[in-house]
Amino acid sequence: MADFNIDDTVDITDVVCPVTFVKAKVALEELDDGQILSIKMNDGEPVQNVPRSIKEEGHQILKLINNEDGTYNLIVKKVGD
Amino acid sequence: MAVDYAALKKGGFMRQKQKNNFSLRLRVVGGNLTAKQLAKIAETAEKYGDGHVHLTSRQSVEIPFIKLDQIDEVKALLGEGGVEPGVCGPRVRTVTACQGEAICPSGCIDTFALAKELDERYFARELPHKFKFGITGCQNNCLKAEENDLGIKGGIKVAWKESDCINCGVCEKACRTNAITISDGKISVDESKCNFCGRCVKACPTEAWDTVHGYIVSFGGLFGNSISKGETIIPFIEDKEKLMKICDAAIHFFDDNANAGERFKFTLDRVGKDKFKEKILEAYNG
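Chain order of the listed sequences is A and B.
The letter at position 45 of the first sequence is residue 40 when you use our numbering, and the numbering goes up by one with no holes.
The letter at position 40 of the second sequence is residue 152 when you use our numbering, and the numbering goes up by one with no holes.
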C-alpha cells in the first residue's frame, strides 16, 4: 500500500449502484491528470463493477487492495481529458 | 376467388379478427431499422392501415388493418423505403439479436453482423414447423438465447498474459463464477467454472488476457404453449465457420426428422438427443 502516493481518497461504501460509480467519478474529476485516488468500496456488486466502469472512463487502475473487512481500496491514477 | 391464407401467411400477412383485414409482418433483422425504413413504415400505416403499428415479441413490426385488395400497393410503397414483408408459418423466422459488441459495452460478439448473415442464409427457408434463431452478445442474455430453437450467445475464452499483468487483483473480483484465483502473483483460471462472460477481460486495466471471441449454442428452446430451455452440446465454439456448419447441421436434422407441425425440441425428444449430438459433433469436427 505504501507503494502509492495517494493524493485523495473517497469512500463509496455508504452508497449503492449506480451512485457508487457517480461518486467515484466526481472525486476523479476533482483531481489533476496523473494524481492518484484511493476509492473505498464494498465487497459484492461494487468491487465487481466499479473497476470496470473506471477503466471504461479511461483512467488507469493500479491496484485493488483487500482490507480484509469486507471492503476494498481501488487505487486509480487519473488520466485527463 | 378463394383466399389462399397459407400463401398470405408465407408472405407475412396475418388474418385479423376483422374480416378482410390483415396485419402485415415486416422483415426486420436483429431488431434494427433505419430511420428511412421507419419513415416508410409510418407512411404505410397512415395510408393503408389505421395509423398504428405493433411491435412483436420477436423484434418485428406489424402493420394492422391492411386491406386484402391493397396488398400490392402496400408492398410497393414499403419497397420504396427498403422494407420487405416478413414471414409467418412453417419456416425460418425473424433472426433476433441484442445490440452486441458494436454498441453495448458488455457485448462479446457482433450480433447484428451475425444476424444478417444468418438471415441471408436461412430466412424464410421452408421447414416442417417454425424455426427461430436468437443471438445474444453475452452472458447477461438480454436476448434470451435459450428460448429459441437455435440460440447463440457470445462469449470470450481467456488465457492469462503474464507479461502484461500488474497484479492489481481486479479480475479475481470481477469474476462472478469464482473461476479466477491469484496466488503468489500467478493467476489461474478454472476452466470448469469459467462461463466465458468476459468480465475479467472487460475489467482488466492492462489487457493482460489473450482472448478468443466465440459462441455458445443452444438447441430446442421453446417459449410458447410449452416452455423449455434450449440445451448446449459444445461448451464453446471458437470460430464462425464451425458455427455455420453447426447451424446447417441443426436445420438439416430438423428438416429430415421433424413431423409437420412439430417444434425442434419435440423432434429432439422423439428422435433422440444422442442421435442429434452425433450430427452436431460431426459438423463441428468435420
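In this text, a Cβ means the ideal position worked out from N, Cα and C, and glycines have one as well.
Just tell me which of the options has its CA closest to the CA of residue i.
i, options, result
"Gly297 of chain B", "B:Glu229, B:Phe224, B:Lys273", "B:Lys273"
"Thr4 of chain A", "A:Ser33, A:Val21, A:Pro13, A:Lys20", "A:Ser33"
"Lys341 of chain B", "B:Pro347, B:Phe348, B:Gly333", "B:Gly333"
"Glu303 of chain B", "B:Glu319, B:Asn133, B:Ser275, B:Pro347", "B:Pro347"
"Val71 of chain A", "A:Val45, A:Asp64, A:Gly65, A:Asp38", "A:Val45"
"Asp38 of chain A", "A:Lys73, A:Asn0, A:Thr66", "A:Thr66"
"Arg417 of chain B", "B:Arg375, B:Ala362, B:Thr344, B:Arg203", "With chain B covering 113 to 398 only, the question about residue 417 of chain B has no answer from this structure."
"Val313 of chain B", "B:Lys269, B:Gly249, B:Asp351", "B:Lys269"
"Leu262 of chain B", "B:Gln149, B:Ala361, B:Lys148, B:Glu155", "B:Ala361"
"Leu120 of chain B", "B:Lys148, B:Lys152, B:Gln182", "B:Gln182"
"Lys152 of chain B", "B:Gly193, B:Asn133, B:Pro317", "B:Gly193"
"Val195 of chain B", "B:Thr323, B:Ala147, B:Gly201", "B:Ala147"
"Ile278 of chain B", "B:Asp231, B:Trp321, B:Glu374", "B:Trp321"
"Glu229 of chain B", "B:Asp367, B:Thr379, B:Glu353", "B:Glu353"
"Ala19 of chain A", "A:Ile60, A:Asn62, A:His54", "A:His54"
"Gly75 of chain A", "A:Ile31, A:Gln43, A:Ile1, A:Lys35", "A:Ile31"
"Glu77 of chain A", "A:Asp2, A:Asn62, A:Asp9, A:Gln43", "Nothing can be reported for residue 77 of chain A, as the shown portion of chain A is limited to -4 through 76."
"Tyr327 of chain B", "B:Leu355, B:Ile339, B:Val165, B:Gly336", "B:Leu355"
"Gln130 of chain B", "B:His166, B:Glu158, B:Ile178", "B:Ile178"
Should residue i be flagged as near chain A, meaning a C-beta pair shorter than 8 angstroms?
i, result
"Pro217 of chain B", "yes"
"Cys399 of chain B", "In the structure as shown, chain B starts at 113 and stops at 398, and residue 399 of chain B therefore has no counterpart that could be examined."
"Ala286 of chain B", "yes"
"Lys314 of chain B", "yes"
"Asn397 of chain B", "no"
"Pro317 of chain B", "yes"
Looking only at its own chain, which residues have a Cβ that is under 8 angstroms from the Cβ of residue i, when we skip the five neighbours before and after it?
i, result
"Glu185 of chain B", "Tyr160"
"Thr208 of chain B", "Gly142, Gly143, Arg170, Gln171, Ala227, Lys244, Phe245, Gly246, Ile247, Leu255, Asn260"
"Val140 of chain B", "Gln171, Ser172, Val173, Gly198, Thr206"
"Asp(-2) of chain A", "Lys58"
Is it right to say residue i is buried, meaning 16 or more other beta carbons lie within 10 angstroms of its own, or is it exposed?
i, result
"Leu180 of chain B", "exposed"
"Asn99 of chain A", "Within the shown structure, residues of chain A are numbered from -4 to 76, placing residue 99 of chain A beyond reach of any answer."
"Met(-4) of chain A", "Note on Met(-4) of chain A: pLDDT 48, under 50, position unreliable in the model; no value is reported."
"Asn397 of chain B", "exposed"
"Ala118 of chain B", "exposed"
"Lys285 of chain B", "buried"
"Ile56 of chain A", "buried"
"Ala271 of chain B", "exposed"
"Gly191 of chain B", "exposed"
"Gly212 of chain B", "buried"
"Asp222 of chain B", "buried"
"Glu319 of chain B", "exposed"
"Pro41 of chain A", "buried"
"Lys265 of chain B", "buried"
"Ile215 of chain B", "exposed"
"Thr293 of chain B", "exposed"
"Asp162 of chain B", "exposed"
Hey, is residue i's beta-carbon within less than 8 angstroms of any beta-carbon in chain E?
i, result
"Cys216 of chain B", "In the displayed structure, chain E is absent; the protein chains listed are A and B."
So, at 6 angstroms on beta carbons, what are the nonlocal neighbours of residue i in its own chain, with the 5 sequence-adjacent residues on each side left out?
i, result
"Val11 of chain A", "none"
"Ser135 of chain B", "Met126, Gln128, Glu174, Pro176"
"Arg205 of chain B", "Lys242, Lys244"
"Ala372 of chain B", "Pro240"
"Ser48 of chain A", "Phe16"
"Ile345 of chain B", "Lys389, Ile392"
"Ala395 of chain B", "Lys357, Ile358, Ala361"
"Cys309 of chain B", "Gln251"
"Ser295 of chain B", "none"
"Ala370 of chain B", "Pro240, Thr379"
What does a CB cutoff of less than 7 angstroms around residue i pick up in its chain, not counting 5 residues either side in sequence?
i, result
"Arg311 of chain B", "Ala286, Cys287, Arg288"
"Cys200 of chain B", "Lys121, Gly124, Met126, Arg137"
"Lys305 of chain B", "Thr289, Asn290, Ala291"
"Cys316 of chain B", "Val282, Cys283"
When you measure from the CB of residue i to every non-hydrogen atom of the ligand MG, does any distance come out below 7 angstroms?
i, result
"Tyr396 of chain B", "This structure simply doesn't include the ligand MG, nor any ligand for that matter."
- Item | Interface positions of the stretch 53 to 64 of chain A facing chain B (Cβ-Cβ less than 9 angstroms), listed along the chain | His54, Gln55, Ile56, Leu57, Lys58, Leu59, Ile60, Asn61
- Task: Determine which residues of the stretch 25 to 57 of chain A have a Cβ less than 7 angstroms from any Cβ of chain B, and write them out in chain order.
- Result: Val42, Gln43, Pro46, Arg47, Lys50, Glu51, Gln55, Ile56, Leu57
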